[in-house]
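Chains A and B, in that order, give the protein sequences.
Taking this note's numbering, the leading residue of the first sequence gets 2, the next gets one more, and so forth.
Taking this note's numbering, the leading residue of the second sequence gets 45, the next gets one more, and so forth.
One structure is given here, and the rest of the page talks about it.
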Amino acid sequence: MEISDDSQNLASSEQLFEREIEAVFSETLGLIHIALVSHYQLSEQEATELEKDLFVWFRRFCFRPGASVRSNRPYLLVACCQFAREYQKYLVGTGVRTTDERLRGILDREPNDVAHDFARSLQLYDFRRSDA
Amino acid sequence: MAYLNVPIDVRTDDEIRACLEDSDATLAVCQLLRSRCDSSPAVVTQEASFAYRWIADKGTAVGVFDEKDYFLGELALIVANANRQLGHLTEAERWINKAEAGFRHTVNPAPLLASSAFVRLAVRYAATDFEDVLELLPSVISSFERFGMQRELAKGRFLHAAVLNETGRTDEAIATLKQLRTSPVVVAEKPFLGRVLASLGHHCSSKGDFSEAMRFYNEALLPLQEAGLSAVVAEIKWGVGDAYRAQKQPARAVTAYREAIQDFRELGLVGTVSLLHLVIAELLLEVGSHREAEWEILAALPTIDEERMVPAGVAALALLKESVQQRKTDSRALGELRQHLQAGK
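Structure (structure tokens):
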């Protein structure tokens, strides 16, 4: 079977796109993990599971029109905070988990605001990266 | 795709669930339906509205995070676009509202809302509100620029060319189309390239440069036919008919018009079929074929009545009907009715 140049180009541009998604997600994963474990107080195992869901969502999100993969990173953080908040609120609401003041504080905040704070760390990361 | 190959009325709950509860599959359904909007708008309307209703009513397990709202918005916008193609403009507006309701709840709504604003302007264009489109389109185009939405940006410029033409700024329209013709994003999307070339053909034809028009039409047909039948192919055949008519070759013109009618009928665009019957009737009257002209009018009238296509042309419609009944076709009423239909196309 002959494969045209067009379809080869298409395949390679899709591969590049997928690779970029993976790269951006990996770069952000450290920050995501800190948000989930240190701030939203998820266990390591719970955080790993949520990170898998986040990757699946982020991959599809990047196929929506309107932004480059890299500029979608702040939305990845919003989704991370929203996921974690809904999950912890559910566990707390059903009595499976108890809260302390710190957890209550972050669960009371809007995920967008929390993500905004984390995004500043991303800006710092980008600054260091460009400096290097 | 297996899901879309099974007709809606025989699709089982399990088949529907297996597809629409899988976000990757739903994304693929959206992409396919979007690409078929031009070639089968009636089917796309059915399929996308079906998926929309299923997700809205039963899709509790659809997607993660904001994906349910995103899919509802995306499917509603597809239905709106297909309805616009079919000439059902009120229905298109209703679905744009639904699309916006979905998009507003997504994580990054601004680019999606810019897309729905664009479809709304395309509907306003079809409703001949050219001044509104001219005023509001630059804002949508600047949103597309800001969000780096190259494909949508090209479509915005294409609509801008169309509205410039409708408001008498033909030279600016042609300049925009010529720029689009070489734009990489247009060249990469063959049906869109065909549409741009077809528009250039229409402009040349209306300026009386028929050989250049035919050159553009032929160039347009190649990428369009590769993508299958679409309204643009039918419009090109219509344009070829107009070119022959202007060159005083009525027989060839009628043949081209009839081919266009066949394509529009296959696409389910019954309103355009009726309009073309009236175009042929006008031509036949010009060459003295009165009886044949009556047949064309009689073929058009039932749809015009059933679809209530000319609220503003009721008087012309009544006059035409009466004149045909008396076997004395009123060519002025025919011309007026055709203009009313064409304005709403």
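All C-beta atoms, glycine included, are put in the ideal place defined by N, C-alpha and C.
Alpha helix (DSSP H) containing Met-45(B): first to last residue?
Where Met-45(B) is concerned, there is no enclosing alpha helix (DSSP H), given that its DSSP letter is neither H nor E.
Based on Cα-Cα distance, which residue from Trp-339(B), Pro-294(B), Arg-97(B) and Gly-107(B) lies nearest to Ala-69(B)?
Closest by alpha carbon: Gly-107(B).
Would you call the segment 110-125 of chain A and the segment 48-61 of chain B in contact, with 3 or more CB pairs under 8 Å?
no
Which runs of the alpha helix (DSSP H), 4 residues or longer, sit entirely within the segment 267-347 of chain B?
275-290, 294-311 and 314-330
When you compare each of Lys-365(B), Glu-144(B) and Ala-271(B) to Asp-82(B) by their alpha carbons, which one comes out closest?
Ala-271(B)
Relative to the C-alpha of Leu-48(B), which candidate in Glu-65(B), Val-73(B) and Ala-62(B) has its C-alpha closest?
The residue with the shortest Cα to Cα distance from Leu-48(B) is Val-73(B).
May I have a chain-ordered list of the beta strand (DSSP E) segments no shorter than 3 residues that lie completely inside the segment 90-117 of chain B?
none
CA-CA distance, Glu-350(B) and Leu-71(B)?
36 Å
So, does the CB of Asp-54(A) fall closer than 9 Å to a CB anywhere in chain B?
Chain B, which has a Cβ nearer than 9 Å to the Cβ of Asp-54(A), makes this yes.
Would you mind working out which of Thr-104(B), Ala-105(B), Ser-79(B) and Phe-115(B) sits nearest Tyr-96(B), comparing C-alpha positions?
The shortest Cα separation from Tyr-96(B) among Thr-104(B), Ala-105(B), Ser-79(B) and Phe-115(B) belongs to Phe-115(B).
Does any residue of chain B have a CB that is nearer than 9 Å to the CB of Ile-4(A)?
In this predicted model, Ile-4(A) has a pLDDT of only 47, less than 50, meaning its place in the structure is not dependable; the value taken from the coordinates is given anyway. It does not: the Cβ of Ile-4(A) has no partner Cβ on chain B nearer than 9 Å.
Chain B residues whose Cβ lies nearer than 7 Å to that of Ser-69(A)
Gly-192
Just to make sure I have the definition right: I need the residues of chain B whose C-beta is within less than 7 Å of the C-beta of Val-79(A). Which are they?
Within chain B, the C-beta atoms nearer than 7 Å to that of Val-79(A) come from Val-151, in chain order.
DSSP state of Arg-60(A), grouped into three classes?
Under the three-state reduction of DSSP, Arg-60(A) is assigned to helix.
I want to check one thing, is the minimum distance from the CB of Ala-343(B) to the heavy atoms of the ligand SAH below 8 Å?
As far as ligands go, the structure on display features none, and thus does not contain the ligand SAH.
In whole angstroms, what separates the C-alpha of Gly-200(B) from that of Pro-85(B)?
Computed Cα separation, rounded: 21 Å.
I'd like to know if Tyr-41(A) contacts chain B, where contact means its C-beta is closer than 9 Å to some C-beta of that chain.
Under the Cβ criterion of 9 Å, Tyr-41(A) is not counted among the residues facing chain B.
For Val-229(B), collect the residues of the same chain with a Cβ closer than 6 Å to its Cβ; drop the 5 residues on either side in sequence, then sort them by chain order.
Taken in chain order, the residues that qualify are Gln-194, Arg-195 and Ala-198.
In three-state terms, what does DSSP make of Gln-370(B)?
coil
Please confirm whether Asp-110(B) has its beta-carbon closer than 9 Å to some beta-carbon of chain A.
Yes, Asp-110(B) lies at the interface with chain A (some Cβ there is under 9 Å from its Cβ).
Return the CA-CA distance between Ile-35(A) and Gly-67(A), expressed in angstroms with no decimal places.
28 Å
With 9 Å as the limit, tell me which residues of the segment 144-172 of chain B have their beta carbon closer than that to any beta carbon of chain A; keep them in chain order.
Thr-150, Val-151, Asn-152, Ala-154, Pro-155, Leu-156, Ala-158 and Ser-159
Close beta carbons around Ala-143(B), own chain, < 7 Å, minus the five adjacent residues each side:
Gly-117, Ala-120, Leu-121, Ala-124 and Ser-160
Starting from the C-beta of Leu-165(B), find all residues in its chain whose C-beta is less than 8 Å away, skip the five residues before and the five after it, and write them out in chain order.
For Leu-165(B), where only same-chain residues beyond five positions count, the Cβ hits under 8 Å are Asp-176, Val-177, Leu-180, Leu-181, Val-184 and Leu-203.
Flag this pair as yes or no: are the beta carbons of Gly-192(B) and Ser-122(A) separated by less than 9 Å?
no
At least 3 beta-carbon pairs within less than 8 Å: the segment 238-250 of chain B vs the segment 217-229 of chain B
yes
Using a beta-carbon distance below 9 Å, is Ser-274(B) in contact with chain A?
no
Considering only their Cβ atoms, is the gap separating Glu-326(B) from Gly-379(B) smaller than 9 Å?
yes
Run of the alpha helix (DSSP H) containing Ser-84(B), from where it starts to where it stops
Counting along the chain, no alpha helix (DSSP H) covers Ser-84(B), and no H or E run does either.
Could you round the C-beta distance between Phe-174(B) and Glu-210(B) to whole angstroms and report it? I think they count as a contact, below 8 Å.
Contact check for Phe-174(B) and Glu-210(B): beta-carbon distance about 5 Å, within the 8 Å limit, so the pair qualifies.
Residue range of the unbroken alpha helix (DSSP H) whose run includes Lys-222(B)
214-226
So is Ser-227(B) in contact with chain A if we call contact Cβ pairs under 9 Å?
no
In the structure shown, what three-state DSSP assignment does Tyr-88(A) receive?
helix
Please report how far the alpha carbon of Val-358(B) lies from the alpha carbon of Ser-318(B), in whole angstroms.
15 Å
Residue range of the unbroken alpha helix (DSSP H) whose run includes Ile-107(A):
102-109
Say whether the segment 55-65 of chain A touches the segment 87-97 of chain A, bearing in mind that this needs 3 or more beta-carbon pairs closer than 8 Å, one atom from each stretch.
no
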